[in-house]
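Encoded as structure tokens, the structure appears first; notes follow it.
2 protein chains.
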Amino acid sequence: MEKKITTLKDIAKELKVSIATVSRALQNKAEISVQTKRRVKAMARKLNYQPNLLAQSLLNKRTNTIGVVVPEIKSHFFASIIMGFKDVLRPLNYNLMVCQSEESYKDEVKIFENLLRVQVDGILVSPSSATTKFDHFLNLQKKGIPVVVFDRDSLGFETDKVLVDDYMGAFQAVDYLIQSGCKRVAHLAGPHKLSTTKHRLEGYVDALKKNNIPYDEAYIEHVKGFSHDDGLKPAKNLMKLNPQPDAIFAINDCIAISAMHVVKKLNLHIPDQVSIVGFDDEPHSKYFTPALSTVWQPVYSIGILAAKILLKQLQAETLEPPFRKEIFTPELLIRASSKKI
Amino acid sequence: MEKKITTLKDIAKELKVSIATVSRALQNKAEISVQTKRRVKAMARKLNYQPNLLAQSLLNKRTNTIGVVVPEIKSHFFASIIMGFKDVLRPLNYNLMVCQSEESYKDEVKIFENLLRVQVDGILVSPSSATTKFDHFLNLQKKGIPVVVFDRDSLGFETDKVLVDDYMGAFQAVDYLIQSGCKRVAHLAGPHKLSTTKHRLEGYVDALKKNNIPYDEAYIEHVKGFSHDDGLKPAKNLMKLNPQPDAIFAINDCIAISAMHVVKKLNLHIPDQVSIVGFDDEPHSKYFTPALSTVWQPVYSIGILAAKILLKQLQAETLEPPFRKEIFTPELLIRASSKKI
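If you read the sequences in order, they're chains Z and C.
Per my numbering, the first sequence starts with residue 1, numbered consecutively.
Per my numbering, the second sequence starts with residue 1001, numbered consecutively.
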């Protein structure tokens, strides 16, 4: 029996739409709805439609390239998540293109435009701290390009998300500090606007509440960025308070190290006089003196899961609700920079 | 006077070539030499040639996207260089696409194929430690895509390069350790094959020579990678030697921190019994106890210069020799992990 070659007509017939619609859908034309595009492409795959070369370059918008958009690549945190992406996607021959928004909304919008232009198959994104509108996310999603959000939430933009329970991580850390005997736990909070900052601050406040410790705004300093230098002045400000804090919970390890440095300079003993707890468990954190207590996040698993969810979206026929929201729970690691209970 | 519209014919006339050649050159056809392409494009720009839309998408291969290929993004080192790229290229509306080879030759080749596919305007690359053939570099260069190599040399592949004098950095560090009274300086060297490893090892050997200290291979251990864990076993091996080293010069700060950890566990005093010097000056290195002596590299300046050189290549009419080789000199930072002279 001769092998039957699938034509646009066959696809049109199966779906009860016009040949023109099939052709336009395969060319990703704007006038065709996302749903129809997905249906047509799914049927094309099912019938093993082999387009001619010209059509192929149009149909086969598949570039096997995944755009990764992160606020920065400097931290071990995002680098480890990206490692998870890579371990899922590289064996399937996907290439990753990593772009940094550097916490700028404008840059993030540009990056999305560019990723659309180079026709990425999908996007894994952790929004910048300055991003409050998500039209650029929605725009790509509407064009049928799957967008999976990880680590930082995109409030108001619905898609599959892989997040960490920042609230719980902070709550556990602060509750533990109080249990260990600390009475004045200060917080070096993250930059304003960032969902992570907000959730960790809420965890901090609620842990105080649970332990009947009055909340005092003076014991909270926001850092402007996540480098060591960003932590120094806010940490000094906290240590000038009267009464002095006997514990500092920092938004991340880098800032915690700055706090440690400031406290040591004041000739105060860590942890006897001041306990310090960070967040992230950077690879070098256990090598500081004293070794830094911190909240560990399952970074690699976040990367693995987000990439797997993206793969599912790539195979899905529609990008429509209900979307998944996976939330990982972080884990407190008690080391020498804080007291044992 | 009516404004004259430039046509393919005008360009052909100026250059004394056929219209077909001009057209093919603007379409980047393979049969046209790189030199002719550059000449035609330069003339097209000079005459302010405005192609029609179809031609434009072919001519205007400019995508304003620069591919950045690095072995890894986890380290502050590459992240800071990328920051330099960004500060030069973003104001000119270039987008960066960062790809990690993860020290794999195969991955690097794939990345280059992909960057060609998405039609980057140029590439900034630091080769993987496994890369000894550079055909994939040459292939893109032949297609008229500028390739600038930074940090690690691409032996045998000629292009503009921005490098660091690794030899000198290592020589200075080891010479200083000997001057400070150390008699048995060991070296935690990088992975084999890597140009950086080779040059730093040469600096180490020559510094011993200069000071009439016999070279003993037993005092060199190569690490397999650049994470903390990679440094632990080799550092332990060095400390098992008899006589024990009284100084360790490590390939980078991360490995130096592992060495510090191992030495502390043996209850040896740093620097009285063992001096330790790293390479890179990671941002957290000064916060360790004792603060880590290290060799600082002008990472940000490397990024700035490499990006500027790429811009020049983008504007050049040919990608031909002579190429530039810019070599930065690193600087020794003496902190508390090594003795004062």
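Even glycine gets a Cβ: it sits at the ideal position worked out from N, Cα and C.
Using the Cα positions of residue i and residue j, report the straight-line distance between them to the nearest angstrom.
| i | j | result |
| --- | --- | --- |
| residue 1003 (chain C) | residue 1020 (chain C) | Unreliable positioning characterises residue 1003 (chain C) in this predicted model, as indicated by a pLDDT of 43, which lies under 50. A coordinate reading is not provided. |
| residue 35 (chain Z) | residue 1098 (chain C) | 32 angstroms |
| residue 311 (chain Z) | residue 134 (chain Z) | 22 angstroms |
| residue 1239 (chain C) | residue 1335 (chain C) | 22 angstroms |
| residue 339 (chain Z) | residue 177 (chain Z) | 8 angstroms |
| residue 1048 (chain C) | residue 221 (chain Z) | 55 angstroms |
| residue 9 (chain Z) | residue 23 (chain Z) | 9 angstroms |
| residue 166 (chain Z) | residue 154 (chain Z) | 15 angstroms |
| residue 45 (chain Z) | residue 1140 (chain C) | 33 angstroms |
| residue 52 (chain Z) | residue 1104 (chain C) | Any reading at residue 52 (chain Z) needs caution, since the residue's pLDDT is 48, under 50, leaving its predicted position unreliable; the model's value is listed next. Taking the straight line joining both Cα atoms gives about 35 angstroms. |
| residue 1014 (chain C) | residue 1032 (chain C) | 17 angstroms |
| residue 65 (chain Z) | residue 1308 (chain C) | 28 angstroms |
| residue 1093 (chain C) | residue 1218 (chain C) | 52 angstroms |
| residue 1071 (chain C) | residue 298 (chain Z) | 24 angstroms |
| residue 1301 (chain C) | residue 1146 (chain C) | 20 angstroms |
| residue 100 (chain Z) | residue 1243 (chain C) | 49 angstroms |
| residue 1261 (chain C) | residue 287 (chain Z) | 7 angstroms |
| residue 183 (chain Z) | residue 257 (chain Z) | 21 angstroms |
| residue 213 (chain Z) | residue 1228 (chain C) | 40 angstroms |
| residue 84 (chain Z) | residue 1289 (chain C) | 32 angstroms |
| residue 16 (chain Z) | residue 6 (chain Z) | 16 angstroms |
| residue 1199 (chain C) | residue 1272 (chain C) | 28 angstroms |
| residue 293 (chain Z) | residue 1125 (chain C) | 38 angstroms |
| residue 1058 (chain C) | residue 27 (chain Z) | Caution is warranted here: a pLDDT of 40 is assigned to residue 1058 (chain C), below 50, making its placement in the model unreliable, and no coordinate value can be reported. |
| residue 313 (chain Z) | residue 274 (chain Z) | 48 angstroms |
| residue 113 (chain Z) | residue 107 (chain Z) | 10 angstroms |
| residue 1233 (chain C) | residue 225 (chain Z) | 35 angstroms |
| residue 241 (chain Z) | residue 1123 (chain C) | 51 angstroms |
| residue 102 (chain Z) | residue 1211 (chain C) | 47 angstroms |
| residue 1332 (chain C) | residue 158 (chain Z) | 51 angstroms |
Got a sec? Which residues, its chain only, sit under 8 angstroms from residue i by beta carbon, not counting five neighbours each side?
| i | result |
| --- | --- |
| residue 63 (chain Z) | 118, 119, 120, 121 |
| residue 79 (chain Z) | 73 |
| residue 209 (chain Z) | 215 |
Assign residue i to buried or exposed, taking buried as 16 or more other Cβ atoms, counted over all protein chains shown, within 10 Å of its Cβ.
| i | result |
| --- | --- |
| residue 1131 (chain C) | buried |
| residue 1321 (chain C) | exposed |
| residue 324 (chain Z) | exposed |
| residue 1282 (chain C) | buried |
| residue 1136 (chain C) | buried |
| residue 315 (chain Z) | exposed |
| residue 1156 (chain C) | exposed |
| residue 91 (chain Z) | exposed |
| residue 285 (chain Z) | buried |
| residue 1278 (chain C) | buried |
| residue 1018 (chain C) | exposed |
| residue 1327 (chain C) | exposed |
| residue 1267 (chain C) | exposed |
Going by the beta-carbon positions, is the gap between residue i and residue j smaller than 7 angstroms?
| i | j | result |
| --- | --- | --- |
| residue 148 (chain Z) | residue 111 (chain Z) | no |
| residue 1223 (chain C) | residue 1270 (chain C) | no |
| residue 1179 (chain C) | residue 1341 (chain C) | yes |
| residue 77 (chain Z) | residue 253 (chain Z) | no |
| residue 1150 (chain C) | residue 1306 (chain C) | yes |
| residue 174 (chain Z) | residue 204 (chain Z) | yes |
| residue 1245 (chain C) | residue 1207 (chain C) | no |
| residue 304 (chain Z) | residue 88 (chain Z) | yes |
| residue 128 (chain Z) | residue 191 (chain Z) | no |
| residue 1152 (chain C) | residue 1196 (chain C) | yes |
| residue 1115 (chain C) | residue 1181 (chain C) | no |
Going along the chain, which residues of its own chain have a beta-carbon closer than 6 angstroms to the beta-carbon of residue i, five neighbours each way excluded?
| i | result |
| --- | --- |
| residue 1169 (chain C) | 1295, 1330 |
| residue 1201 (chain C) | 1189 |
| residue 25 (chain Z) | 32, 36, 37, 40 |
| residue 1109 (chain C) | 1136 |
At a threshold of 6 angstroms, does residue i count as lining the ligand GDP (C-beta to nearest heavy atom)?
| i | result |
| --- | --- |
| residue 156 (chain Z) | Although the ligand GDP was asked about, the structure shown includes no ligands whatsoever. |
With a CB to CB cut of under 7 angstroms and the five nearest residues on each side skipped, what residues in its chain are close to residue i?
| i | result |
| --- | --- |
| residue 259 (chain Z) | 188, 231, 235, 248, 250, 276 |
| residue 1011 (chain C) | 1022, 1040, 1043, 1044, 1047, 1049 |
| residue 29 (chain Z) | none |
| residue 138 (chain Z) | 157 |
Does DSSP put residue i in a helix, in a strand, or in coil?
| i | result |
| --- | --- |
| residue 275 (chain Z) | strand |
| residue 957 (chain C) | Because chain C here runs from 1001 to 1341, residue 957 (chain C) falls outside it and cannot be looked at. |
| residue 241 (chain Z) | coil |
| residue 1246 (chain C) | coil |
| residue 1308 (chain C) | helix |
| residue 1293 (chain C) | strand |
Below 8 angstroms on C-beta distance, what does residue i contact in chain B?
| i | result |
| --- | --- |
| residue 96 (chain Z) | Note that chain B does not occur in the displayed structure, where the protein chains are Z and C. |
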